[in-house]
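Under this note's numbering, think of the first position of the sequence shown as 7, with each following residue one higher.
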Amino acid sequence: MILKVLFDRSGKRRLRDYHIEVVNDELIITDEEGQLFEYNPNSTESQRVQETIFHEKQTIIENCLFGLDLNPNSVKICRLRLWIELLKNAYYTSSPAAALYERSLETLPNIDINIKWGNSLVSRYALDADLSQALKKSKLSINNYKAAVQTYRNAENKEQKREMEQLINKIKATSGPR
Numbered sequence: 007m008i009l010k011v012l013f014d015r016s017g018k019r020r021l022r023d024y025h026i027e028v029v030n031d032e033l034i035i036t037d038e039e040g041q042l043f044e045y046n047p048n049s050t051e052s053q054r055v056q057e058t059i060f061h062e063k064q065t066i067i068e069n070c071l072f073g074l075d076l077n078p079n080s081v082k083i084c085r086l087r088l089w090i091e092l093l094k095n096a097y098y099t100s101s102p103a104a105a106l107y108e109r110s111l112e113t114l115p116n117i118d119i120n121i122k123w124g125n126s127l128v129s130r131y132a133l134d135a136d137l138s139q140a141l142k143k144s145k146l147s148i149n150n151y152k153a154a155v156q157t158y159r160n161a162e163n164k165e166q167k168r169e170m171e172q173l174i175n176k177i178k179a180t181s182g183p184r
């Protein structure tokens, strides 16, 4: 079943002339003539399709996939596999008229906050606990925590990422019993 409801990054134009399906765990994109889609950074249409697929995958990875494993190597492999999946649809960020050496690939997101080492059987709070009460001790809100996580994900450098990680750990450490 094909819904044909995938819109480009702007949300204004639908990808109508493309057939997208999953075959053997691979995303297969063909045009209306049945030809496999190949990314060409000099083509506006190709750029639009590549950006759309990349950002849809990024949205799913950042907002829908969360994992926890006791084996730290499994965590590393999972993160690597997700980044490789994004790299399959990475695109160049400069204009098509720019020289090749002036182009750079779209930055990959920080997903280490979604895929972690740990034990899923240990819980700090009951599922129905009011977390705003737990955060009261740190004088921060859930919105502060969400903003810190978002800033961490989109950190532009290691220092900013480190600062947000410290803030997140501070919120966790002061927000209730272990």
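Backbone N, C-alpha and C fix where the C-beta goes; we use that ideal spot for every residue, glycine too. These numbers were taken from a predicted model, which means no experiment stands behind them.
Alpha carbon to alpha carbon, how far is residue j from residue i? Give it in angstroms, no decimals.
i                : j                : result
asparagine 149   : arginine 159     : 15 Å
phenylalanine 60 : asparagine 79    : 26 Å
arginine 185     : leucine 21       : The structure shown has nothing for residue 185, since the chain only spans 7 to 184.
arginine 184     : asparagine 125   : Summary for arginine 184: the model assigns pLDDT 46, below 50, so the residue's position carries little reliability; its value from the coordinates is reported in the next sentence. Straight-line Cα distance between these residues: approximately 14 Å.
glutamate 171    : threonine 113    : 20 Å
aspartate 118    : phenylalanine 72 : 10 Å
glutamate 32     : isoleucine 26    : 10 Å
lysine 18        : asparagine 163   : 32 Å
glutamine 56     : lysine 63        : 11 Å
isoleucine 177   : isoleucine 34    : 43 Å
glycine 40       : threonine 58     : 19 Å
By the DSSP assignment, the beta strand (DSSP E) with residue i in it spans what residues?
i             : result
threonine 113 : Premise fails: threonine 113 is in no beta strand (DSSP E) and is neither H nor E.
I believe residue i touches residue j by the beta-carbon criterion, under 8 Å. Please report the beta-carbon distance rounded to the nearest angstrom.
i            : j           : result
aspartate 37 : tyrosine 24 : 6 Å
So what does DSSP say about residue i, is it helix, strand or coil?
i              : result
tyrosine 45    : coil
isoleucine 119 : coil
methionine 7   : Model confidence at methionine 7 stands at a pLDDT of 46, short of 50, so the residue's coordinates are unreliable; what they give is reported in the following sentence. Three-state result, methionine 7: coil.
leucine 33     : strand
(message) Whether or not the region 142 to 162 and the region 89 to 99 are in contact is what I'm after, with contact meaning three or more pairs of Cβ atoms, one per stretch, closer than 8 Å; do they touch?
(response) no
(request) Count the C-beta pairs between the region 38 to 51 and the region 64 to 84 that are closer than 8 Å, then say yes if the count reaches three, no if not. (result) no
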